[in-house]
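Undergrad: Dumping the structure here so I can ask a few things about it.
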DNA sequence: GAAGCCCACATTTTT
DNA sequence: TGTGGGCTTC
């Protein structure tokens, strides 16, 4: 245990050791927040608290995975695995599945992602014959989401005079009705959207005291990461579960709260002390990540915000270079300057490409950088954009999975019924929908008993419908016995999707086929990982439950390759790079024009800028352009007010002719800045080298190499039969490890292996993929 | 039912 | 500019 605490500084140790009441850990950027959380959990375990009594909540799967791994290193794989650790959404969807009947769902409910729910909302707006210029699907979705995050049910919405008045004034009086219909359609579908997972958890805990009591007792210690990003629904869950025993520890940094547009409420962290009386506050103020200059510059910026918890973040690292501020003539030149400087950083400062990031405010800005990087043969990777699970071909296949697991799923039904084309058109689907709404049943019900629900279609269509029903029923039946991988393969062949995908030889078609193959691989991997761990019965429903909460960030991002990272500032949160370029730092872009109306919006933008700068370890360059191509036209732009917020002693501004007050600037100033800009550009220019490594331009889309087909054989391999205690093996995923014991139970032979890097695992030998090394 | 055309539109997006 | 949705046409 000494060991455990010795790795921490004084304030980190204090935070870890305090376990007997509510605590709030304000963790400045780069102050070792994850370290504290993981060590705290390890400390609790060493104090004798069983792992299954600890609830640890994060916002991303990635964060929870990383934390689990680090805890496993401290206390061993077995204990780490027994923790209740995951994202809010995954933990509570698990609980909701167990308690589904109590809230009128069944445990196989499916989850609508944002585009699924936008589709349904769009459909409802059309069915209600409302003007979709006034009722825009995205806007309505946002409004509904905000209501749900605030735990306002459709009924409460309609009964809330203030909201109704607001909707009336903003000429959207039917919002309450749309919300009501949307929610009832989801229910008929036995489906929930992301926000429902939190809202229904609250409803479950509110209406079922015995359930609340049960989980209150179970979760004897609750930890929450990134508390500044919680919304009301999440806050209330933590409050309800935590207030019985009061052992709640939340970690966060109010200065990094950047998700208010998703319902995050910074007040949750600002007022945490009021929610849990006698809260002990700990502040982690030493930044281990960045140079003094970067930390000081960021401090001087964030000081301009009114609403914040006082803290004094400092660095004892080297002083470091000043932040360089570079002005470019246009967005194209900005990209050129940045890519030139990247070459210089690599060849002169010996940075690896993966040490470098380009951060921007909006995704649309990535394009010019892509082009200039490609021209210079600099490998890069773009984060964000369309994620794997959002691609049409993937969504369509997942829709089959969803419909089989949960035939009520309306969105899945719509996607699948005419894919691949089987002659069932919109008119027919509309008729089915009508019947379904009339009888308040799912589309699937109508399909299964068309006569009973009075579905009027001609005999040709009727035949097509019944053969579709037959096909789906076959899958549903098979799903009872086949595992997820087997049924997935069956679906792809029986529907002809696979055949069709491989027929298309256009580049897009081939990329689609590759994505489908990748999905198949993902299902296979999902099954085989669990089989190796000794779980035998892995169903489609399990795959779906997990994959519907995954995002692109969770996919194995083909290693830490030598690539420059391009991403929005939002998605850079939590990451760090040796050198960071913050680009497009202009008025109306950063801060965004949309968020300048209210002070709170502007403060959030400033926090966002703070997040951007504090990603940098060694050095940081801020760039802005004087003109920018946006939405089809070129506009002149001015430097961001945020540049003025940073104390100039931490900046090296090459272009001192810029006047922040005077937007236009004198023509002298303009030409002066042009001249300096030229100097700047030539300073960064590196002569083109013919022997640039990594010639291959990196591909923007996430194309994951197709793995070789792995044949899953059910009999043990030669290797497996020969395996004995003391053998060293090389496992496909876990790497090298030594066999500590072999156990025979039932028909299954298991090996307990201590891996060099992956920790101790037990492998079921008939599935495990490895080679004996000695 | 599918392709093609036109039009409106355009932050950020952990789940 | 470039994308996605909806409408029209064959």
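In the numbering used here, the protein residues as written are 1305 to 2078. Ideal Cβ placement from N, Cα and C applies to all residues, glycine included. All values reported here derive from a predicted model rather than from experimental measurement.
1) What are the boundary residues of the alpha helix (DSSP H) that includes residue 1511?
2) Between 1737, 1774, 1357, 1474, which has its C-alpha nearest residue 1427's C-alpha?
3) Using the DSSP secondary-structure output, state which residues sit across from residue 1563 in a beta bridge.
4) Can the beta-carbon of residue 1914 be found closer than 8 Å to that of residue 1602?
5) Looking at the structure shown, is residue 1883 part of a helix, part of a strand, or coil, going by DSSP?
6) DSSP on residue 1353, reduced to helix/strand/coil?
7) Counting along the chain, where does the alpha helix (DSSP H) carrying residue 1617 start and finish?
8) Just to confirm my understanding: we take residue 1506, look at its own chain, exclude 5 residues before and 5 after, and list those with CB closer than 8 Å. What are they?
9) Got a sec, what are the start and stop residues for the beta strand (DSSP E) residue 1433 sits in?
10) Straight-line CA distance for residue 2032 to residue 1880?
11) For the beta strand (DSSP E) that contains residue 1923, what are its first and last residues?
12) Output yes or no for whether 8 Å exceeds the beta carbon distance between residue 1788 and residue 1843.
13) Going along the chain, which residues of its own chain have a beta-carbon closer than 6 Å to the beta-carbon of residue 1877, five neighbours each way excluded?
14) For the stretch 1793 to 1810 against the stretch 1750 to 1765, are there 3 or more C-beta pairs whose distance is under 8 Å?
15) Just to confirm, is the Cβ distance from residue 1447 to residue 1479 under 8 Å?
16) Grouping DSSP H, G and I as helix and E and B as strand, with all else coil, what is residue 1323?
17) Using DSSP with H/G/I as helix, E/B as strand and the rest coil, what is residue 1832?
18) Since residue 1786 contacts residue 1769 with CB under 8 Å, what's their CB separation in whole angstroms?
19) With a 10 Å radius around its C-beta and 16 neighbouring C-beta atoms as the bar for buried, classify residue 1734 as buried or exposed.
20) Quick check on DSSP: helix, strand or coil for residue 2033?
21) So residue 1891 and residue 1945 are supposed to be a Cβ contact under 8 Å. How far apart are they, rounded?
22) Quick check on the burial criterion: 16 or more other C-beta atoms within 10 angstroms. Buried or exposed for residue 1871?
23) With burial defined as no fewer than 16 other Cβ atoms inside 10 Å of the residue's Cβ, what is the status of residue 1396: buried or exposed?
24) Using DSSP's beta-bridge definition, name the partner residues of residue 1892.
25) How many whole angstroms separate the CB atoms of residue 1954 and residue 1627, which I take to be in contact at a CB cut-off of 8 Å?
26) Specify the secondary structure class of residue 1943 as computed by DSSP and reduced to three states.
27) Just list the residues that DSSP pairs residue 1869 with in beta bridges.
28) Does residue 1936 come out as helix, strand or coil in the three-state DSSP assignment?
29) If you draw a straight line from the alpha carbon of residue 1747 to that of residue 1740, how long is it in whole angstroms?
30) Measuring only the C-alpha atoms, how far is residue 1401 from residue 1394?
31) Applying the 10 Å Cβ sphere with the 16-neighbour rule, what's the burial state of residue 1873?
32) Confirm, please, whether the CB-CB distance from residue 1322 to residue 1361 is below 8 Å.
33) Using CA coordinates, which residue listed in 1363, 1364, 1344, 1411 is at the minimum distance from residue 1845?
34) Excluding sequence positions up to five away, which residues of its chain have a Cβ less than 7 Å from the Cβ of residue 1726?
35) Output the distance between the C-alpha atoms of residue 1620 and residue 1599, rounded to the nearest integer angstrom.
36) Roughly how many angstroms lie between the CA atoms of residue 1695 and residue 2044, to the nearest whole one?
TA: The short version:
1) Working through the first chain from its first residue, we reach residue 1511 at position 207. 1498 to 1511 is the span of the alpha helix (DSSP H), which, as asked, contains residue 1511.
2) Start at 1 with the first residue of the first chain, and residue 1427 comes out as number 123. Of the listed residues, the one whose Cα sits closest to residue 1427 is 1737.
3) Translated into positions along the first chain, residue 1563 becomes position 259. DSSP lists no partner for residue 1563.
4) Residue 1914 sits at position 610 when you count from the first residue of the first chain. Residue 1602 sits at position 298 when you count from the first residue of the first chain. The answer is yes: Cβ separation under 8 Å.
5) Here residue 1883 is taken as the residue at index 579 of the first chain, counted from 1. Residue state, collapsed to three classes: strand.
6) As a working note, residue 1353 is residue 49 in the first chain. Coil, per DSSP.
7) In the first chain, counting from the first residue as 1, residue 1617 sits at position 313. Careful: residue 1617 lies outside any alpha helix (DSSP H) and carries neither H nor E.
8) Reading the first chain from its first residue, position 202 is the one you call residue 1506. Excluding positions up to five away in sequence, the list reads 1455, 1537, 1540, 1541, 1544.
9) One-based indexing of the first chain puts residue 1433 at position 129. It is not in any beta strand (DSSP E) - residue 1433 carries neither H nor E in the DSSP assignment.
10) Counted from its first residue, the first chain places residue 2032 at position 728. Counted from its first residue, the first chain places residue 1880 at position 576. So the two alpha carbons sit approximately 36 Å from each other.
11) As a working mapping, residue 1923 is identified with position 619 in the first chain. Its beta strand (DSSP E) spans residues 1920 to 1929.
12) Position 484 of the first chain, counted from the start, is the residue given in the question as residue 1788. Position 539 of the first chain, counted from the start, is the residue given in the question as residue 1843. In this structure, residue 1843 lies closer than 8 Å to residue 1788 by Cβ.
13) Along the first chain, read from residue 1 onward, the residue named residue 1877 stands at position 573. Excluding residues within five positions, the ones whose Cβ falls inside 6 Å are 1915.
14) no
15) In the first chain, counting from the first residue as 1, residue 1447 sits at position 143. In the first chain, counting from the first residue as 1, residue 1479 sits at position 175. Yes, these two residues count as a Cβ contact at 8 Å.
16) Sequence index remark: in the first chain, residue 1323 carries index 19 (1-based). Residue 1323 falls in the coil class under three-state DSSP.
17) Residue numbering aside, residue 1832 sits at position 528 when the first chain is read from its first letter. Note: residue 1832 maps to helix in three-state DSSP.
18) Within the first chain, residue 1786 is the residue found at index 482, counting from 1. Within the first chain, residue 1769 is the residue found at index 465, counting from 1. Contact doesn't hold; Cβ gap of about 25 Å is too wide.
19) To locate residue 1734, count along the first chain from 1; it is residue 430. Classification of residue 1734: exposed, given that the 10 Å Cβ count is below 16.
20) Against the first chain, residue 2033 aligns to sequence position 729. Of the three classes helix, strand and coil, the one that applies to residue 2033 here is strand, per DSSP.
21) Taking the first residue of the first chain as 1, we reach residue 1891 at position 587. Taking the first residue of the first chain as 1, we reach residue 1945 at position 641. At roughly 7 Å, the Cβ-Cβ gap stays under 8 Å, so residue 1891 and residue 1945 are in contact.
22) Translated into the one-based positions of the first chain, residue 1871 becomes position 567. Classification for residue 1871: buried.
23) Residue numbering aside, residue 1396 sits at position 92 when the first chain is read from its first letter. Buried, because 16 or more other Cβ atoms sit within 10 Å of the Cβ of residue 1396.
24) Within the first chain, the letter at position 588 stands for residue 1892. BP columns for residue 1892 point to 1896.
25) Your numbering for residue 1954 matches position 650 in the first chain. Your numbering for residue 1627 matches position 323 in the first chain. Contact holds; Cβ gap of about 6 Å.
26) The sequence position of residue 1943 within the first chain is 639, counting from 1. Of the three classes helix, strand and coil, the one that applies to residue 1943 here is strand, per DSSP.
27) For the purposes of this step, residue 1869 is taken as residue 565 along the first chain, with counting starting at 1. Looking at the DSSP assignment, residue 1869 forms a beta bridge with 1661, 1685.
28) Here residue 1936 is taken as the residue at index 632 of the first chain, counted from 1. Residue 1936: coil per DSSP, three-state reduction.
29) Mapped onto the first chain, residue 1747 falls at position 443. Mapped onto the first chain, residue 1740 falls at position 436. Answer to the nearest angstrom: the Cα atoms are 6 Å apart.
30) Numbered from 1 along the first chain, position 97 holds the residue referred to as residue 1401. Numbered from 1 along the first chain, position 90 holds the residue referred to as residue 1394. Each residue's Cα considered, the two are about 11 Å apart.
31) As a working mapping, residue 1873 is identified with position 569 in the first chain. Answer is buried; the Cβ neighbour count reaches 16.
32) As a first step, residue 1361 is located in the first chain; it is residue number 57 there, counting from the start. As a first step, residue 1322 is located in the first chain; it is residue number 18 there, counting from the start. Taking 8 Å as the Cβ cut-off, residue 1361 and residue 1322 do not qualify as a contacting pair.
33) Position 541 of the first chain, counted from the first residue, corresponds to residue 1845. Checked all of 1363, 1364, 1344, 1411; the closest Cα to residue 1845 is 1411.
34) Sequence index remark: in the first chain, residue 1726 carries index 422 (1-based). Closer than 7 Å at Cβ, skipping near neighbours: 1768, 1772.
35) Position 316 of the first chain, counted from the first residue, corresponds to residue 1620. Position 295 of the first chain, counted from the first residue, corresponds to residue 1599. For residue 1620 and residue 1599, the distance between alpha carbons rounds to 10 Å.
36) Within the first chain, numbered from 1, the residue matching residue 1695 stands at position 391. Within the first chain, numbered from 1, the residue matching residue 2044 stands at position 740. The alpha-carbon atoms of residue 1695 and residue 2044 are separated by roughly 44 Å.
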